[in-house]
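Taken in order, these protein sequences are the chains called A and B.
Numbering of the first sequence is given in our numbering, commencing with residue 600 and proceeding in unit increments.
Numbering of the second sequence is given in our numbering, commencing with residue 576 and proceeding in unit increments.
The beta-carbon is built from N, C-alpha and C at its ideal position, and this holds for glycine as well.
As the structure is a computational prediction, the values presented were derived from the model and not from experiment.
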Amino acid sequence: EAGVTQFPSHSVIEKGQTVTLRCDPISGHDNLYWYRRVMGKEIKFLLHFVKESKQDESGMPNNRFLAERTGGTYSTLKVQPAELEDSGVYFCASSRLAGGVTGELFFGEGSRLTVL
Amino acid sequence: AQSVTQLGSHVSVSEGALVLLRCNYSSSVPPYLFWYVQYPNQGLQLLLKYTSAATLVKGINGFEAEFKKSETSFHLTKPSAHMSDAAEYFCAVSDQGSGYALNFGKGTSLLVTP
């Protein structure tokens, strides 16, 4: 069974440009999460999808961030326009059940974003 | 909101020595607590979890953690470190007030020396 895959693994862009990160969850996992880790800081929750619906987006930093999950399968996270403080590692995770209850989140390797 | 604090961003132990990684939580309700590990160039992997059953929780790779309510702690231990244990370890608490999203600590990098 394939794990959670994320693309790209590393992206370097200039301030003001747009970047789109993609996450393919484990097949059959209705719950999909985005997290972000800024260097030296905690891994921070961004948002949670249940199938194609946003269950909780309280962690999204601002309206420059847009997450979608078309058809309840893969998800994209777009940053437009990117700012320097957006640099960090963006993790995607999926679970069959509500992961925060069971803790059984399966994480991807992360997409490292560098904004210059 | 529930939160966790990991004491020590870097811990170094000798191979064969005891591993102790500290985590204290802050929660107004009985928490769900977790330890995750991230090996180089890999995603986070669940080591173990506490969900109000037994206070001593055993995980993978010989790790265990004990939930101590009186100390609000959930420290991770392993009796004898292996070189392969070198990784970054994250303590996390489930935020019941925020749809059970996980709140992570800052992480502790474990270095194992020969």
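Residue burial classification, residue i (beta-carbon count within 10 angstroms, cutoff 16)
i: residue 624/A; result: buried
i: residue 632/B; result: buried
i: residue 613/B; result: buried
i: residue 652/A; result: exposed
i: residue 626/A; result: exposed
i: residue 683/B; result: buried
i: residue 604/B; result: exposed
i: residue 615/A; result: exposed
i: residue 606/B; result: buried
Coil, strand or helix - residue i by DSSP
i: residue 652/B; result: strand
i: residue 674/A; result: strand
i: residue 612/A; result: strand
i: residue 644/B; result: helix
i: residue 625/A; result: coil
i: residue 636/B; result: helix
i: residue 703/A; result: coil
i: residue 663/B; result: strand
i: residue 593/B; result: coil
i: residue 683/A; result: helix
For residue i, the first and last residue of its enclosing beta strand (DSSP E)
i: residue 666/A; result: 664-667
i: residue 655/A; result: 652-655
i: residue 714/A; result: 710-714
i: residue 678/B; result: 676-679
i: residue 612/B; result: 608-613
i: residue 643/A; result: 642-649
i: residue 578/B; result: 578-582
i: residue 588/A; result: As shown, chain A starts at 600 and ends at 715. That puts residue 588/A outside it, with no answer to give.
Original post:
So, do the segment 676-690 of chain A and the segment 631-641 of chain A have three or more beta carbon pairs nearer to each other than 8 angstroms?
Top reply: yes
Original post:
How do the segment 588-605 of chain B and the segment 644-658 of chain B stand: do at least 3 beta-carbon pairs fall below 8 angstroms, yes or no?
Top reply: yes
**OP:** May I ask you to verify whether the segment 633-651 of chain B touches the segment 670-678 of chain A, counting CB pairs closer than 8 angstroms and requiring at least 3?
**Re:** no
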